[in-house]
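Notes follow once the structure below has been shown.
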Amino acid sequence: GDSVTQMEGPVTLSEEAFLTINCTYTATGYPSLFWYVQYPGEGLQLLLKATKADDKGSNKGFEATYRKETTSFHLEKGSVQVSDSAVYFCALRPGGGADGLTFGKGTHLIIQP
Amino acid sequence: GAGVSQSPSNKVTEKGKDVELRCDPISGHTALYWYRQSLGQGLEFLIYFQGNSAPDKSGLPSDRFSAERTGGSVSTLTIQRTQQEDSAVYLCASSLGVGGNEQFFGPGTRLTVL
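Protein chains in written order, with my numbering: chain A, 255 to 367; chain B, 4 to 117.
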């Protein structure tokens, strides 16, 4: 079946550091890919998405590119802030009409001032 | 507020009891989803509704789990004869329709089975 693998962390960085959170997936067909974020005490929110190969999703300074050849959707940000501390989830929605999301286990990101 | 709401926010029950969890989607959202978030398994898809129909029940872990949706709005997830392994946060999400539409998540119901 479909699956998503991401580094679990915690990942601890200093403010203004460069961030990469790796995400790879296994899926049949042509899935859509997502990054969701869960800030402390809040619900899951969509951060960005990409629906086809080579698409780049971006939001709030974060970017991820849908790489079909490496089945990856790594999340990057050039300069992180303390307010980016959260849990980040990579997810896919299968192609072919199925609609439930398959999530990775989440990466806990801690940004220190 | 206009977001997805869930009740109760916390539920503690004894093993063997039945529980009902409720989800109120965003008004006008025709698709509704249930997920479970637990320490061991992460976030798992359970079931989704398009209107009142459930095209995909593949994620329901056992026949003790069932869900319904009435009037294309409120949904209830029922767990019968709860077990300790059912302890988790149950999340509901809704979207304008199936397909690529963004899923908006509620705050979840934390279920603890003693």
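Ideal Cβ placement from N, Cα and C applies to all residues, glycine included.
Note that this is a predicted model, so its numbers are computed, not measured.
I need the DSSP call for residue i, collapsed to helix, strand or coil.
i      : result
A:D353 : coil
B:D27  : strand
B:Q87  : helix
A:V334 : coil
B:R73  : Correcting the residue type first, residue 73 of chain B is Thr in the shown sequence and not Arg. Of the three classes helix, strand and coil, the one that applies to B:T73 here is coil, per DSSP.
A:L300 : strand
B:L80  : strand
B:T16  : strand
B:Q44  : coil
B:S8   : strand
B:S65  : coil
B:L117 : coil
Please name the residue or residues paired with residue i in a DSSP beta bridge.
i      : result
A:S257 : A:T280
B:K60  : Beta-bridge pairing links B:K60 to no other residue.
A:H369 : Here chain A covers residues 255 to 367 and nothing more, so residue 369 of chain A does not appear.
A:H362 : A:V341
A:K310 : A:T319
A:Y293 : Answer is none; A:Y293 lacks a bridge partner.
B:S97  : B:L35 and B:F107
A:T305 : Paired residue(s): none; A:T305 is not in a bridge.
A:L273 : A:K331
A:L287 : A:A304 and A:L346
A:L267 : A:I365
Measure the alpha-carbon distance for residue i versus residue j and round it to whole angstroms.
i      : j      : result
A:E323 : B:N104 : 25 Å
A:G263 : A:S326 : 18 Å
B:R67  : A:R347 : 26 Å
B:K18  : A:A281 : 37 Å
B:H32  : B:S98  : 5 Å
A:G295 : B:P58  : 32 Å
B:I29  : B:G6   : 6 Å
A:T373 : B:P64  : Nothing can be reported for residue 373 of chain A, as the shown portion of chain A is limited to 255 through 367.
A:V336 : A:T278 : 26 Å
A:V265 : A:A307 : 28 Å
A:R321 : A:A271 : 24 Å
A:D256 : B:L114 : 27 Å
B:E47  : B:E88  : 14 Å
For residue i and chain B, any beta-carbon pair shorter than 7 Å?
i      : result
A:F357 : yes
A:L301 : no
Between residue i and chain A, is there a C-beta pair that is closer than 7 Å?
i      : result
B:Y93  : no
B:V101 : yes
B:E105 : yes
B:P110 : yes
(message) To be precise: take each residue of the stretch 271 to 301 of chain A, compare its Cβ to all Cβ atoms of chain B, and keep it if any distance is under 7 Å. Which residues remain?
(response) S286, G297, L298 and L300
(message) To be precise: take each residue of the stretch 35 to 48 of chain B, compare its Cβ to all Cβ atoms of chain A, and keep it if any distance is under 7 Å. Which residues remain?
(response) Y36, G45, L46 and F48
(message) Along the stretch 47 to 64 of chain B, where does the CB come closer than 9 Å to a CB of chain A? Name the residues.
(response) E47, F48, L49, I50, Y51, Q53, P58, D59, S61 and G62
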